[in-house]
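Participant:
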Amino acid sequence: MSKILIRGAKVLGGEAQDVLIDGSVIEAVGPGLSDEGAEVVDAEGKVLLPGLVDLHTHLREPGREDSETVLTGTRAAASGGYTAVFAMANTFPVADTAGVVEQVYRLGQEHGYCDVQPIGAVTVGLEGRKLAELGAMYESAAGVTVFSDDGKCVDDAVIMRRALEYVKAFGGVVAQHAQEPRLTEGAEMNEGVVSAELGLGGWPAVAEESIIARDVLLAEHVGSRVHICHLSTAGSVEIVRWAKSRGIDVTAEVTPHHLLLTDELVRTYNPVYKVNPPLRTERDVLALREALADGTIDIVATDHAPHPHEDKDCEWAAAAMGMVGLETALSVVQETMVDTGLLTWAGVAERMSVKPAEIGRAKGHGRPVSAGEPANLTLVDTAYRGSVDPAGFASRSRNTPYEGRELPGRVTHTWLRGKATLVDGKLT
Amino acid sequence: MQRHLISAADLTRDDAVLILDTAEEMARVADRPIKKLPTLRGRTVVNLFFEDSTRTRISFEAAEKRLSADVINFTAKGSSVSKGESLKDTAQTLEAMGVDAVVIRHGASGAPYRLANSGWIDAAVINAGDGTHQHPTQALLDAFTMRRRLIGRDAGIGQDLDGKRITLVGDILHSRVARSNVDLLHTLGAEVTLVAPPTLVPVGVESWPCEVSYDLDSTLSKSDAVMLLRVQRERMNAAFFPTEREYSRRYGLDGDRMAKMPEHAIVMHPGPMVRGMEITAEVADSERCTAIEQVANGVSIRMAVLYLLLGGNEPAVSHARTNEEK
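Top to bottom, those sequences are chains A and B.
Residue numbering for the first sequence follows the UniProt record's numbering, beginning at 1 and increasing consecutively.
Residue numbering for the second sequence follows the UniProt record's numbering, beginning at 1 and increasing consecutively.
Right, here's the structure in full:
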């Protein structure tokens, strides 16, 4: 059966409509469509969104298959409503050659749960010294257009400038992990009242803000676009807002965890809250929400960072940084942005699908839910509330900060070019 | 009292006074020819030291032995830890051997908290210093020393440090001693002032219950006790201060500065002292310096903590009296 009728879904949170999928394409959208010859999915009361796109995912393959693989990571993505993810370059070996990005790209295609668009490293081995062969990665089968040394900052101003300039030749973008390395030596958590008490090394906001300020000015100077990864402070918001007001071509992302959690949680010394950039203060959280609502921050990206249990079941200093996020992202965004009245579902679609696809040039993703478009779709039961149970994750890792926390919303169906990858909350 | 001692901030005023009073009882034992109580006979305490600290370990060991506990010393060097074994596995291995309490010293802030709160082990956990976080028994022995010197050995029983003006000088940023002392002294009613170059004061200090000054000279005449914290010479390589000499000139305690302190005021140092840096030999060796007393008091305090955490309801010292009568 190649036809699917999604009955009575609130498209982008609007009026209930039927959506008919034929093969890989949306055939029609409207009220009262015929279900003849179609499998019917009852979507009454649910919200239908374009398939989510994550510009910032760590799939760990090759090299750390103990924490995630392209297969388990894309299953987690489908489970969270994603139809495309951008895989970060900090694998072993690093994705700094055409060979590695093609491998990751092909694995995604073979598994078929979610499109995997590799991100290429900016510099060889993420070492910040020598540009990787950015053009070769662009020309490879993977067609890389997003480049990032994420996990590390491209801190050398000249290398950053050259990278920004160089990728203009093929419409690329550099996604910067903004972290001034000298200011963050020994950094373990946000520097402030809580770090002072806990005696943990401080990660000052200025270490992020100073790099963002430098990079938006560099982007302006050379006429390039720049993307800021996981923006985490109120000060960073101000700088990006200023840059946009000057017409600088900058985009920025925020993670779900920075929209919800604060550094107060570090008082438990539980490394499940250890992440880079670190959890910040309530003031930062509120500024990030407001910036996401008003468009200063363009998108939500998960920074899904799987780690094996032993890397979190230890003392804070010894623990790895990062949190899984693909399977909880939409729920956290509903909790922090929709249920608070800051964002409509159409706004969520814009920030979790349309814009990330646009920034990353992900073809066929982030498209309108209308006839003739690729059937990349996500159906959400927004009335659902339940507590997060990591045992049910499709991801190979369980390092979620939300275990036991009650969150709203549940993705029930995901379609990748008309093929269901998730049905009634179960992976196909 | 809680089951563990992780942070000085966890102690109420009454908890702290009880520990100080119990330590006075313990101190009397030290004055006897046989310095031993049967209180923890049959109980096993492990000193789990991931960081070199001979002084603190010996102090705990002396306290444990005076209470008749069986003592196991574990140092990370040359152990399975240096081969990559985790804190969790190490602790569980030791507990499997039947340990009632773990005294832990660890370079990572929060390691004792994790040990006590992660469900890894059931034993009582006593923090013997973690990273730049806390060192609660140090703060207790400091408070004990202050109470004895500033109020009196007998007069101090049942008393806190209400209104006493305590100044801590030195590397506040990297100091677990400073953090523990600020918490405990505040709980005991003292007024605390921290003195350091601004580089050695943590961002976020404004939420601490104390004053901060960058000028040592202006605080000396208003201090009942001046506690000097060790300043590591290598800090100057990270630009915390220009040179050892400049630090010493601006923040070191010498005879001239000591003369500005009230007559009754004492000079304290948790050790090890860097003579010529934060303290001159003249001050370190003076009658007013309590560094050696602090070491002696450390054993009494640690006996009191071990007794109160592990000893249950039996009175601490009555056994000993009975033994003496025999």
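Beta carbons: idealized from backbone N, C-alpha and C, even for Gly.
Nearest-angstrom Cα distance between B/Phe-50 and B/Ala-91?
Facilitator: 12 Å
Participant: Check the Cβ of A/Gly-199 against every Cβ in chain B and list those closer than 9 Å, keeping chain order.
Facilitator: Ser-109, Gly-110, Asp-130, Gly-131, Thr-132, His-133, Gln-134, His-174, Ser-175, Arg-176, Arg-179 and Pro-202
Participant: Tell me which residue opens and which closes the alpha helix (DSSP H) that B/His-133 is part of.
Facilitator: Element bounds for B/His-133: n/a, residue is neither H nor E.
Participant: Check the Cβ-Cβ distances between B/Ser-207 and every residue of chain A, and say whether any is below 8 Å.
Facilitator: yes
Participant: Is it true that the segment 265 to 280 of chain A meets the segment 201 to 208 of chain A, where meeting means three or more beta-carbon pairs spaced less than 8 Å apart?
Facilitator: yes
Participant: Report buried or exposed for B/Asp-122, applying the criterion of at least 16 other Cβ atoms within 10 angstroms of its Cβ.
Facilitator: exposed
Participant: Do A/Asp-54 and A/Ala-394 count as a contact pair if the criterion is CB distance below 8 Å?
Facilitator: no
Participant: Use the C-beta contact count for A/Arg-289: other C-beta atoms within 10 angstroms, 16 or more gives buried, fewer gives exposed.
Facilitator: So A/Arg-289 counts as buried.
Participant: What is the DSSP secondary structure of A/Val-158, counted as helix, strand or coil?
Facilitator: helix
Participant: For B/Met-97, does the count of other Cβ atoms within 10 angstroms reach 16, so buried, or fall short, so exposed?
Facilitator: exposed
Participant: Determine the burial state of B/Glu-325: buried for a count of at least 16 other Cβ atoms within 10 Å of its Cβ, exposed for fewer.
Facilitator: Because the pLDDT at B/Glu-325 is just 38, under 50, the model does not fix this residue reliably, and the value given afterwards should be weighed accordingly. So B/Glu-325 counts as exposed.
Participant: Go through its chain and collect everything with a Cβ distance to A/Ser-353's Cβ below 6 Å, but skip five positions before and after it.
Facilitator: Pro-50, Leu-52, Val-53 and Gly-366
Participant: Going along chain B in order, which residues have a C-beta closer than 9 Å to the C-beta of A/Ala-320?
Facilitator: Chain B residues near A/Ala-320: none, gap ~13 Å exceeds 9 Å.
Participant: Let's test the definition: count the other Cβ atoms within 10 Å of the Cβ of A/Arg-60 and tell me whether it reaches 16, buried, or not, exposed.
Facilitator: buried
Participant: Quick check: is the beta carbon of B/Tyr-113 nearer than 8 Å to any beta carbon in chain A?
Facilitator: It does; some Cβ of chain A falls within 8 Å.
Participant: Pick helix, strand or coil for B/Gln-2, following the three-state DSSP scheme.
Facilitator: Coil, per DSSP.
Participant: Starting from the beta carbon of B/Ser-86, find every residue of chain A whose beta carbon is closer than 9 Å, and list them in chain order.
Facilitator: Glu-310, Asp-313, Cys-314, Glu-315 and Ala-318
Participant: Thinking C-beta only, is B/Leu-94 closer than 8 Å to B/Ile-104?
Facilitator: no
Participant: The alpha helix (DSSP H) that contains A/Pro-356, what's its start and end?
Facilitator: 355 to 360
Participant: Is it the case that the Cβ atoms of A/Val-122 and A/Asp-155 are separated by a distance below 8 Å?
Facilitator: no
Participant: So which of A/Val-158, A/Ala-169, A/Gly-112 and A/Glu-110 has the shortest CA-CA distance to A/Leu-134?
Facilitator: Minimum Cα distance to A/Leu-134 is reached at A/Ala-169.
Participant: Would you please verify whether the beta carbon of B/His-106 is less than 8 Å from any beta carbon of chain A?
Facilitator: A Cβ of chain A is located within less than 8 Å of the beta carbon of B/His-106.
Participant: What is the DSSP secondary structure of A/His-221, reduced to helix, strand or coil?
Facilitator: helix
Participant: Can you find a CB in chain B that lies within less than 8 Å of the CB of A/Val-193?
Facilitator: yes
Participant: Taking C-alpha atoms, which residue in A/Val-332, A/Thr-421, A/Val-423 and A/Gly-372 lies nearest to A/Gly-386?
Facilitator: A/Val-332
Participant: So which residues of chain B does A/Ala-196 contact, with C-beta pairs closer than 8 Å?
Facilitator: Pro-202, Val-203, Gly-204, Val-205, Ser-207 and Trp-208
Participant: Decide if the segment 67 to 78 of chain A is in contact with the segment 31 to 46 of chain A; the criterion is three or more beta carbon pairs, one per stretch, under 8 Å apart.
Facilitator: No: the two stretches stay apart, fewer than three of their Cβ pairs being nearer than 8 Å.
Participant: Cβ closer than 7 Å: which chain B residues qualify as neighbours of A/Tyr-269?
Facilitator: Gly-110, Tyr-113 and Arg-114
Participant: Residue range of the alpha helix (DSSP H) that A/Trp-345 falls in?
Facilitator: 345 to 349
Participant: If we require 4 or more residues per run, which alpha helix (DSSP H) segments fall completely within the segment 268 to 293 of chain B?
Facilitator: 281 to 284
Participant: Within a Cβ cutoff of 8 Å, which residues of the same chain sit near B/Ser-118, ignoring the five residues on either side of it in sequence?
Facilitator: Only residues of its own chain outside the window of five on either side were considered, and among them Lys-88 have a CB closer than 8 Å to the CB of B/Ser-118, listed in chain order.
Participant: I'd like to know if A/Gly-186 contacts chain B, where contact means its C-beta is closer than 8 Å to some C-beta of that chain.
Facilitator: no
Participant: Looking at the ligand SAM, does it come within less than 7 Å of B/Ala-304, judged from the CB to the closest heavy atom?
Facilitator: The model depicted lacks the ligand SAM and carries no ligand whatsoever.
Participant: Anything in the segment 201 to 221 of chain A with a Cβ closer than 9 Å to a Cβ of chain B? List those residues in chain order, please.
Facilitator: Gly-201, Gly-202 and Pro-204
Participant: With a cut-off of 8 Å on the beta carbons, I'd call A/His-177 and A/Cys-229 a contact; round off their distance for me.
Facilitator: 5 Å
Participant: Do B/Ala-69 and B/Leu-40 have their C-beta atoms within less than 8 Å of each other?
Facilitator: yes
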